[in-house]
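Student:
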Amino acid sequence: MKVTVFGIGYVGLVQAAVLADVGHDVVCVDVDQEKVDNLKKGIIPIYEPGLTPLVETNYQQNRLTFTTDAKEGVDHGEIQFIAVGTPPDEDGSADLQYVLAVAETIASHMQSDKIIIDKSTVPVGTGDKVSAKVASVLESRKVDLNYHIVSNPEFLKEGAAVDDCMRPDRIIIGTDSDHVQQQMRELYAPFNRNHDRMIFMDIRSAELTKYAANCMLATKISFMNEMSNLAERLGADIENVRKGIGSDERIGYHFIYPGCGYGGSCFPKDVQALVRTADGIEYEAQLLKSVEAVNYKQKEVLFNRVNNYFSGGLAGKTIALWGLSFKPNTDDMREASSRVLMESLWAKGAKVRAYDPEAMEETQRIYGNRADLELVGTKEAALQGADILVICTEWKAFRAPDFAVIKDSLANPVIIDGRNMYEPNMVEREGLEYFGIGRGRSIQA
Numbered sequence: 309m310k311v312t313v314f315g316i317g318y319v320g321l322v323q324a325a326v327l328a329d330v331g332h333d334v335v336c337v338d339v340d341q342e343k344v345d346n347l348k349k350g351i352i353p354i355y356e357p358g359l360t361p362l363v364e365t366n367y368q369q370n371r372l373t374f375t376t377d378a379k380e381g382v383d384h385g386e387i388q389f390i391a392v393g394t395p396p397d398e399d400g401s402a403d404l405q406y407v408l409a410v411a412e413t414i415a416s417h418m419q420s421d422k423i424i425i426d427k428s429t430v431p432v433g434t435g436d437k438v439s440a441k442v443a444s445v446l447e448s449r450k451v452d453l454n455y456h457i458v459s460n461p462e463f464l465k466e467g468a469a470v471d472d473c474m475r476p477d478r479i480i481i482g483t484d485s486d487h488v489q490q491q492m493r494e495l496y497a498p499f500n501r502n503h504d505r506m507i508f509m510d511i512r513s514a515e516l517t518k519y520a521a522n523c524m525l526a527t528k529i530s531f532m533n534e535m536s537n538l539a540e541r542l543g544a545d546i547e548n549v550r551k552g553i554g555s556d557e558r559i560g561y562h563f564i565y566p567g568c569g570y571g572g573s574c575f576p577k578d579v580q581a582l583v584r585t586a587d588g589i590e591y592e593a594q595l596l597k598s599v600e601a602v603n604y605k606q607k608e609v610l611f612n613r614v615n616n617y618f619s620g621g622l623a624g625k626t627i628a629l630w631g632l633s634f635k636p637n638t639d640d641m642r643e644a645s646s647r648v649l650m651e652s653l654w655a656k657g658a659k660v661r662a663y664d665p666e667a668m669e670e671t672q673r674i675y676g677n678r679a680d681l682e683l684v685g686t687k688e689a690a691l692q693g694a695d696i697l698v699i700c701t702e703w704k705a706f707r708a709p710d711f712a713v714i715k716d717s718l719a720n721p722v723i724i725d726g727r728n729m730y731e732p733n734m735v736e737r738e739g740l741e742y743f744g745i746g747r748g749r750s751i752q753a
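Position in the sequence shown counted from 1, then plus 308, gives you my numbering.
Here is the structure:
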């Protein structure tokens with residue numbers, strides 16, 4: 309099938325590459341000429357396991373092409389994906405200007421019937437706005453063409469997006485058209501062979517399904533972080549509690565790991581956007597507001613522990629930091645807990661010596677060159693001359709460190725672990741002080 313994808317960001321590029329890989333003819337459109345030129349050279353703008361060879365192979369075989377020519381993209385085929393960003397507006401609501409701009413572009417150039425698919429995460433009711441925009445442009449052009457608006461939200465996990473796209477848990481399609489259902493079944497047939505993963509519903513329900521899914525996962529994380537704070541104050545070990553409740557199949561083990569707060573491009577933005585949607589219909593989303601508040605507070609935990617350990621005397625201290633990305637297997641630092649920690653440390657006069665397997669360039673891009681930030685090439689190098697070690701991201705490379713090296717390198721043999729990567733007793737036998745999240749021991753001011 310001939311498919312066009314507007315927006316070569318995280319969602320659009322992964323979806324386009326995977327569709328091309330099963331044989332579809334995919335054209336990607338983006339306004340960023342440099343990004344398009346780089347993709348043609350095999351330079352991928354994001355780090356995602358498995359994505360680079362997928363893009364290179366399908367580009368070389370002419371199943372995947374990149375262009376800034378919107379008309380070329382609109383002319384290419386019936387199916388038109390909108391996969392542009394919906395960044396939070398000043399009040400936290402989703403900014404739809406890019407989605408509506410693409411809708412206007414499609415309507416301005418279309419010469420035949422189109423299926424226009426919202427792949428971006430958009431608030432409930434966006435389908436109606438996209439439809440109105442397309443209708444308005446077609447009317448101004450005085451052309452009579454048929455079009456269908458579809459909601460087909462993505463459910464990709466950063467760090468596992470390619471696999472999620474190839475082996476989806478579910479494929480949500482919001483439409484009231486039999487023709488669209490038939491075309492969507494054909495489009496997604498290669499991913500739907502083992503069992504029927506396609507769930508058809510109305511557009512508004514599909515739009516809400518995406519928000520509900522992310523907000524449910526964010527709620528589980530904030531709940532466990534709340535429990536970890538209780539466990540710490542009650543002398544319990546949250547890891548034992550996690551195993552105890554996870555064994556209940558109604559709860560399960562997924563997304564019940566306590567830590568230093570969730571980040572990324574999805575959970576924070578989507579919780580805020582759904583809260584603003586609720587506000588717009590005069591409904592107070594108390595639970596969602598609490599989820600957001602708990603997460604905001606949880607991101608301060610690591611700094612508070614470092615600050616308490618040094619009794620507020622952070623000026624001149626050097627903190628070794630392992631992990632900068634908001635989660636493993638990505639270079640994404642949007643809303644990352646590491647940023648809250650570093651910025652708080654700098655405000656108190658401390659320095660940071662950091663290592664991350666993938667997010668070093670992104671950190672450099674965000675913060676530039678500054679005297680109180682040193683980015684080093686290995687996790688061991690981050691320890692040299694540092695006062696204590698803090699862990700923000702649970703990369704595999706950090707799972708089995710040489711604790712003797714850590715002890716010998718630090719001025720104070722202390723690990724503050726924001727991801728509960730180690731067993732406290734084992735670390736303490738190595739001669740280090742260890743403070744995890746909710747492990748029954750905290751650092752008092």
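For glycine and all other residues, C-beta sits at the position ideal for the given N, C-alpha and C.
For L740, which option in G748, R541, N720 has the closest C-alpha, if you only look at C-alpha atoms?
Tutor: The residue labelled residue 740 in the question sits at position 432 within the sequence shown. Of the listed residues, the one whose Cα sits closest to L740 is N720.
Student: Please state whether DSSP places I674 in a helix, a strand or coil.
Tutor: Residue numbering aside, residue 674 sits at position 366 when the sequence shown is read from its first letter. In this structure, I674 counts as helix in the three-state DSSP scheme.
Student: Given this structure, state the Cα-to-Cα distance separating V583 from S401, to the nearest angstrom.
Tutor: Along the sequence shown, read from residue 1 onward, the residue named residue 583 stands at position 275. Along the sequence shown, read from residue 1 onward, the residue named residue 401 stands at position 93. Between V583 and S401, the C-alpha separation is close to 8 Å.
Student: Hey, E515 and V451: beta-carbon distance below 8 Å or not?
Tutor: Counting from 1 along the sequence shown, the entry for residue 515 is found at position 207. Counting from 1 along the sequence shown, the entry for residue 451 is found at position 143. No, they are not a contact pair.
Student: Give me the DSSP bridge partner(s) of K310.
Tutor: As a working mapping, residue 310 is identified with position 2 in the sequence shown. D333, per the DSSP bridge assignment.
Student: Residue ranges of each alpha helix (DSSP H) run of no fewer than 4 residues wholly in the segment 648-699, ordered along the chain?
Tutor: For the segment 648-699, whole alpha helix (DSSP H) runs of length 4 or above, ordered along the chain, are 668-675, 687-691.
Student: Counting pairs of beta carbons, one from the segment 500-512 and one from the segment 527-538, are three or more of them closer than 8 Å?
Tutor: With a cut-off of 8 Å, the segment 527-538 and the segment 500-512 do not count as touching, because too few Cβ pairs lie within range.
Student: Any idea what DSSP makes of S573, helix, strand or coil?
Tutor: Here residue 573 refers to the residue found at position 265 when the sequence shown is read from its first residue. Note: S573 maps to coil in three-state DSSP.
Student: By the DSSP assignment, the beta strand (DSSP E) with A628 in it spans what residues?
Tutor: Looking up residue 628 in the sequence shown gives position 320. Start and end: 626-630.
Student: In angstroms, rounded to a whole number, what distance separates the CA positions of S428 and A415?
Tutor: Your numbering for residue 428 matches position 120 in the sequence shown. Your numbering for residue 415 matches position 107 in the sequence shown. Between S428 and A415, the C-alpha separation is close to 18 Å.
Student: Along the chain, where does the beta strand (DSSP E) containing Q388 start, and where does it finish?
Tutor: If you number the sequence shown from 1, residue 388 lands on position 80. It spans 387-390 - the beta strand (DSSP E) in which Q388 sits, taken as one unbroken run.
Student: Measuring CB to CB, does G726 end up less than 8 Å from S645?
Tutor: Taking the first residue of the sequence shown as 1, we reach residue 726 at position 418. Taking the first residue of the sequence shown as 1, we reach residue 645 at position 337. The answer is yes: Cβ separation under 8 Å.
Student: Can you tell me which of the three DSSP states D472 falls into?
Tutor: In the sequence shown, residue 472 corresponds to position 164, counting from 1. Here D472 sits in helix by DSSP.
Student: Please list the terminal residues of the continuous alpha helix (DSSP H) segment that includes M509.
Tutor: Within the sequence shown, the letter at position 201 stands for residue 509. Premise fails: M509 lies in the beta strand (DSSP E), 506-509, not in any alpha helix (DSSP H).
Student: If you scan the segment 422-449 from start to end, which runs of the beta strand (DSSP E) of 3 or more residues do you find wholly inside it?
Tutor: Entirely contained in the segment 422-449, the beta strand (DSSP E) runs reaching 3 residues are, in chain order, 422-426.
Student: With C-beta atoms as the reference, is S536 less than 8 Å away from G746?
Tutor: The residue given as residue 536 occupies position 228 in the sequence shown. The residue given as residue 746 occupies position 438 in the sequence shown. It is a contact, given that the beta carbons lie within the stated cut-off.
Student: How long is the line joining the alpha carbons of V432 and Q405, rounded to whole angstroms?
Tutor: Counting from one through the sequence shown, the residue named residue 432 turns up at place 124. Counting from one through the sequence shown, the residue named residue 405 turns up at place 97. Approximately 15 Å, taken between the alpha carbons.
Student: In three-state terms, what does DSSP make of L404?
Tutor: Position 96 of the sequence shown, counted from the start, is the residue given in the question as residue 404. Of the three classes helix, strand and coil, the one that applies to L404 here is coil, per DSSP.
Student: Starting from I723, follow its DSSP beta bridges and name the residues at the other end.
Tutor: What you label residue 723 is simply residue 415 of the sequence shown in a count that begins at 1. Partner(s): L697, Y742.
Student: Relative to the ligand HEM, is the shortest distance from any of its heavy atoms to the C-beta of R613 smaller than 7 Å?
Tutor: Among the components of this structure there are no ligands whatsoever, and the ligand HEM is therefore not found.
Student: According to DSSP, is Y367 part of a helix, a strand, or is it coil?
Tutor: Within the sequence shown, residue 367 is the residue found at index 59, counting from 1. The answer is helix: DSSP assigns Y367 an H, G or I state.
Student: Report the start-end ranges of each alpha helix (DSSP H) in the segment 477-538 that is 4 residues or longer and not cut off at the edges.
Tutor: Fully enclosed alpha helix (DSSP H) runs of 4 or longer: 486-496.
Student: Could you check the C-alpha separation between D680 and V698 for me, to the nearest Å?
Tutor: Position 372 of the sequence shown, counting from 1, holds the residue named residue 680. Position 390 of the sequence shown, counting from 1, holds the residue named residue 698. Those two C-alpha atoms are separated by around 16 Å.
Student: With a threshold of 6 Å on Cβ separation, who are the neighbours of T585 within its own chain once the five nearest residues in sequence on each side are excluded?
Tutor: As a position in the sequence shown, residue 585 is number 277, starting the count at 1. These residues qualify, in order along the chain: P431.
Student: Exposed or buried, what is N728 when buried is set at 16 or more other beta-carbons lying within 10 Å of its beta-carbon?
Tutor: Mapped onto the sequence shown, residue 728 falls at position 420. It counts as buried.
Student: Would you mind working out which of G693, P357, T394 sits nearest K659, comparing C-alpha positions?
Tutor: In the sequence shown, counting from the first residue as 1, residue 659 sits at position 351. That would be G693, whose Cα lies nearest to the Cα of K659.
Student: Just list the residues that DSSP pairs L453 with in beta bridges.
Tutor: Counted from its first residue, the sequence shown places residue 453 at position 145. L453 pairs with nothing; no bridge assigned.
Student: Please determine if the segment 632-639 and the segment 595-602 are in contact, where contact requires at least 3 C-beta pairs separated by less than 8 Å.
Tutor: The segment 632-639 vs the segment 595-602: no contact.
Student: Take every Cβ of the segment 372-385, pair it with every Cβ of the segment 335-345, and state whether three or more of those distances are shorter than 8 Å.
Tutor: Yes, they touch.
Student: Using the three-state DSSP reduction, which class does P361 fall into: helix, strand or coil?
Tutor: On the sequence shown, position 53 is the one that residue 361 refers to. P361: helix per DSSP, three-state reduction.
Student: Would you mind working out which of P665, G748, I674, A667 sits nearest E651, comparing C-alpha positions?
Tutor: Indexing the sequence shown from 1 puts residue 651 at position 343. The shortest Cα separation from E651 among P665, G748, I674, A667 belongs to I674.
Student: Only counting the same chain, and skipping five residues up and downstream in sequence, which positions put a Cβ closer than 7 Å to that of Y561?
Tutor: Working through the sequence shown from its first residue, we reach residue 561 at position 253. Cβ neighbours of Y561 beyond the five flanking positions: G554.
Student: What does a CB cutoff of less than 7 Å around G657 pick up in its chain, not counting 5 residues either side in sequence?
Tutor: By one-based count along the sequence shown, residue 657 stands at place 349. Result list for G657: L622, A623, G624, in chain order.
Student: Using the Cα positions of V326 and V470, report the straight-line distance between them to the nearest angstrom.
Tutor: Taking the sequence shown and counting its residues from 1, one reaches residue 326 at position 18. Taking the sequence shown and counting its residues from 1, one reaches residue 470 at position 162. When rounded, the distance between both Cα atoms is 7 Å.
Student: Take D477 and list the residues in its own chain whose beta-carbon comes closer than 8 Å to its own, dropping the five residues that flank it on each side.
Tutor: Position 169 of the sequence shown holds residue 477. Correct list, in chain order: F463, R505.
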